[in-house]
Structure formats: structure tokens, C-alpha cells
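For the sequence shown, the working numbering gives the first residue as 5, with consecutive numbering after it.
First the structure, in the form of C-alpha cells, and then the observations on it.
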Amino acid sequence: MRRAIVHIGMPRTGSTAFQEVLARLRPRLAAAGICYPNLAPPGAPGSDDVNHYRLGQALDRRRGAAERREALARLDAILAATPADTVLLSYEDFSVQRPFWRVPEILSDLFARRGFALEAALVVKPQAEQLASAYALRAQVVAEGRTFRGFLRSEGGSRRYDYADRLEPWRRAAAGRVTALPYRDRRSDAPLLARLVDGLGLGERLAPLLGPADLAYRTNRSSGPVAVEASRRLYRLGVHRQVTGHRRLLGHVLDDWAWGRGLDAERFRGDAPEGLARVAARYAAGNARFAAACWGQSWDAVIAAAPAAPPNELAAGPVAPETEAAVEALVRAAAARAAFRSPPAWRRRTAHILEECRERLGEAVGYPVWRVP
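Here it is in C-alpha cells:
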């Protein structure tokens, strides 16, 4: 059978760079026997063809039934017509979808009807780094008012970060055909994209198409400590409730303001050593199972952690006067951009309590309120 490779995540592990490179190469992939389908519906924004998030959201019931049928029909038509022997789908939230909707089985059945066998691919990094990335992402969409320590107390034990658990439905649907790569690999100094392509067995086909700039391409830079702290304060003020359009646009304002002034040269690193120790202990057994199943080695023999560096979270301790001034200036600039009008304190507190309750309820019933945008 032909191959249907579904890149399922994890979020914040180079997914967007991989997708953007494949989208740029799309016109040339057919000659290599590879199809990276454009599933964007007619009239969709131009960026919607970069990955397959609309299909993923439709299958996860975050879009309507009509759009779900249309997305599957578009994919089926492409599978029926393509002469390629390898089809690639990519959406980093495939890895964190609810098992109830049986997304892997739906895709596996659709592929099989057209002569394709499902495979799953994912990239992983230590949960401490994954949680820090998740926290910084929430800051980029102005969705987090807790300190990193508070975030870990709530999210540090979530099955969202249990890689063996996240992979299992896909492993079953793919009959064990899984390619797992570490974000940083102790065994190789090659760029992540090169390792991913080689791990999928597509290196010889794609090597002539991939230049040095493609292999080194990085995007979706993580926020630094100044932008994260400004976002946290904006959230607690309730600015996010008055933003017109996608809140990530306000997050871009924060990042661009900080980077444009020479701030936030380093990514955010939270200050919660005890919480991170609990996270490491919580996932150790699952990581061992994951590594044994995917690599036949121990987790630590394959996974390289980020270089050690001290925390730089500003919410956790005293802040230098010049840094405090920069954070406050950024808060004022972002609030002005959003045309923020401060509500009465009682209304702000009530809205905050309702948001927290909604999120906790969502987690309890298996439908997280926050997602990778």
C-alpha cells in the first residue's frame, strides 16, 4: 500500500517550520512522488493552505458537520486523483485531540479506501520544556494570568503531556507504524527538519529540493520574559476581553515591541523548581515506555534537554527598575492599541472567576478551553 503519513505534533516542536517548508515546496513535490495536499476551502485566507488545521478542527468537532464533510470530501478527492505514493498531513493538535471522536480511525479508514496505509509521526521534548512553551504560548494569546508556578500546579499533571498516552490511539490506528523524533537528539547534530525528513524515509527524495535555508528555517519564536509578564498583567486587567479580532495579534504587538527594543533576547524560563521536579517524576515512567517502544533505548539516551540556564520569570521575584519600567511601558502601549477601558473592579473580578471556572470545567470533561491557535 501507499503511505499516508500524519504528522501529529507535538505543539511547539518545530511544526510550523516543517509545514511552511512543505507548503513552499508543494508545486515541486509531485515530481518526488509526494503529495502535501491543500485542503483549504475556496475563499479561505491564503495562510490556511500551510497546514491541515481546518481538517483537524472539523474532526474534533470544533467546526460544524458541514465543514467536516466538505474537508473529508476534499481529502478523499485528492487521494483518489494523486499518483503520489506518499501523502503527508500535518497539524500539531492532532496529538491532543479527544479520543472520543476517533480521529485516527476516521483517517485510517479513509486512507485505506484509497490504497494508503496510515503512519503517525511526532516530535517530542522534555515535559518541562513543553509546559514552558505552552505557558509562553498562552502569553502570546493573552490567555494567562497565573505565574508559571501556578500554571504548573494546574497543568503539570495533565495527560496532555503524557506522550505515550497521546500517541497510543494513533499507534493502534497505524498498526504500530510510528516515527518519533526528539526535538534535540543526543545521537545527531543534524537540524530537526533534516532528521524528520530522514526519519520518515524521505531524505533521498527531498534532499534535492531542500536548501540550507530550508533546513535551518525557524519560525514561531517563543516570547521572552518581558512580553510574558506584560501579557500576564494585561490578562489580569481584562484587556483580552476588549480585543477586536484574534488575541494573538495583541501578542504580536507585545513581542514586536520587546524585540524591537533589544529586549527578550532569550526565551521565557519559568521559576518553579519544585513544580518542575514533580513534572519530571510524574512523566518518568511514561517516558520510559515511550522511548522503549519508539527507539528501543532509554529516554535519557535519546532526548537532549535544553542547555541549563537560570529562570528569568519576572513575576517570581524582585524586578530591576529599568525592567519594571519597560514592562509597564509595554502594558500601556498594548492597552492603548486595544483601546482598553478599565471596567469596575467588581466586574473584572467576576469575569475572571467565570473564565477560570469555564476552563477548569472544560478540563474536567475533556474539552480544554485553550488550544493551539
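Think of the CB as a built atom: it goes at the ideal place given N, C-alpha and C, for glycine as much as any other residue.
Bear in mind that the values here come from a model prediction, so they are computed numbers and not experimental data.
For Val-182, the enclosing beta strand (DSSP E) starts and ends at 182 to 186. With respect to the 9 Å criterion, Arg-170 and Ile-307 are not classified as neighbours on the basis of their beta carbons.
Below 8 Å, too few C-beta pairs join the stretch 38 to 46 and the stretch 119 to 126 to call them touching: fewer than three. Within its own chain, no residue has a Cβ closer than 6 Å to the Cβ of Arg-176 once the five positions on either side in sequence are excluded. Ranked by Cα distance from Gly-279, the first of Thr-151, Gly-13, Ala-44, Gly-119 is Thr-151. Contact annotation: Ala-75 and Leu-26 have beta-carbon atoms that are not nearer than 9 Å.
Pro-186 counts as buried, since no fewer than 16 other beta carbons sit within 10 angstroms of its beta carbon. Looking at the DSSP output, Cys-298 bridges to nothing.
Around the beta carbon of Glu-360, fewer than 16 other beta carbons lie within 10 angstroms, which makes this residue exposed. Between Arg-7 and Val-91, the C-beta gap is smaller than 9 Å, which places the two residues in contact.
Between Val-10 and Ser-94, the C-beta spacing is below 9 Å. Distances from the CA of Ser-346 to each of Asp-218, Leu-59, Leu-213, Leu-238 were compared; the closest alpha carbon is that of Leu-238. Leu-33 is a Cβ neighbour of Ala-88, given a cutoff of 9 Å.
Going by DSSP, Gly-13 is part of the beta strand (DSSP E) stretching over 6 to 13. A distance below 6 Å between beta-carbons, with the five flanking residues on each side excluded, links Ser-227 to the following residues of its chain, in chain order: Ala-140, Ala-143, Gln-144, Asp-259, Phe-272. Residue nearest to Arg-16 within the set Pro-216, Phe-155, Gln-131 is Gln-131 (criterion: CA-CA distance). Cβ neighbours of Val-232 within its own chain (closer than 7 Å, five residues either side excluded): Ala-140, Ala-143, Phe-272. Contact between Asp-275 and Pro-315 holds, with the beta-carbon distance rounding to 4 Å and staying under 8 Å.
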